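Residue numbering for the sequence shown follows the numbering used here, starting at 263 and increasing by one per position. All residues carry an ideal CB built from backbone N, CA and C; glycine is no exception. All of these numbers come straight from a predicted model, not from anything done at the bench. Report on the structure given below.
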Amino acid sequence: MRRVRFSSRRAVPIIAAITIAGVVIGASAAAMTLGPATDTPTNHAVAATSAVPSASASRTGDERASRSGLREDPVPSPSASTPSAPPSPKKPAQSPPSDGGNVSSSGVCGASYYSDGQRTANGEVFDPNAFTAANKTMPFNTRVRVTNQANGKQTVVRINDRGPYAGGRCLDLSRAAFAAIANLSAGVITVKYEVLS
């Protein structure tokens, strides 16, 4: 019977790979379980769909629409201001969804934009000229009125993707939607969001 020798040279990379995989899986599982302790939207009928984070006080230029990474989910801060009429977009080929509908919940958070050409979480091909947005919890096809707190400009977007995964943000807007309410060079802005029914 032939005896098999144990080679530590072969075992070290295998053990290292298993350890790294365990850490990555553990961190991913921990990130998925993070969330708000309580949920306080303005309408309890949409409590499961409106848990979005509040904006961070300080941001850097490097915080543009990162679609990867981990973040905490603080409770949104409700807002009671009355929105103004939506501006007409300058360059986008498509128009925003209808502005009509009752507001079922609202809050204030950070918003960024992204313009990659990948598929969205609901299976659509991402169109940077469409008035769409990503949110971690709102159902797909939810219409959301987004108002730039700095200048009062607003637009209506349709949720068709998941994200953002960067701290302090609740919405990743398409390039066209972001351009309708702010200069693209702003990168991240504070917005009021209103879920329309």
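Test item: CB-CB of residue i and residue j under 8 angstroms
i    : j    : result
T382 : N422 : yes
R420 : R431 : no
R458 : R407 : Here residue 458 turns out to be Leu, not Arg, going by the sequence shown. Yes, these two residues count as a Cβ contact at 8 angstroms.
A392 : A438 : yes
A448 : T417 : no
K371 : Y427 : Checking the sequence, you will find Cys at residue 371 rather than Lys. No, the Cβ-Cβ distance between C371 and Y427 is not below 8 angstroms.
N397 : L433 : yes
Three-state secondary structure assigned by DSSP to residue i
i    : result
S368 : strand
S447 : helix
R424 : coil
A395 : strand
A439 : helix
T281 : helix
K454 : strand
S459 : coil
Q380 : coil
D389 : coil
Distance between beta carbons of residue j and residue i, contact taken as under 8 angstroms
i    : j    : result
P401 : S436 : With a Cβ gap of about 18 angstroms, P401 and S436 do not count as contacting.
V450 : S374 : 5 angstroms
Burial state of residue i, where buried means 16 or more other Cβ atoms lie within 10 Å
i    : result
T394 : buried
T409 : buried
G385 : exposed
G425 : buried
G379 : exposed
Opening and closing residue of the beta strand (DSSP E) in which residue i lies
i    : result
V410 : The question names Val, yet the displayed sequence has Asn at residue 410. Residues R405 to N410.
Residue i beta carbon near the ligand ATP (any heavy atom closer than 7 angstroms)
i    : result
A441 : The ligand ATP is not part of this structure, which contains no ligands at all.
Any chain E beta carbon closer than 8 angstroms to residue i
i    : result
D378 : Among the chains in the structure shown there is no chain E, since it carries only a single protein chain.
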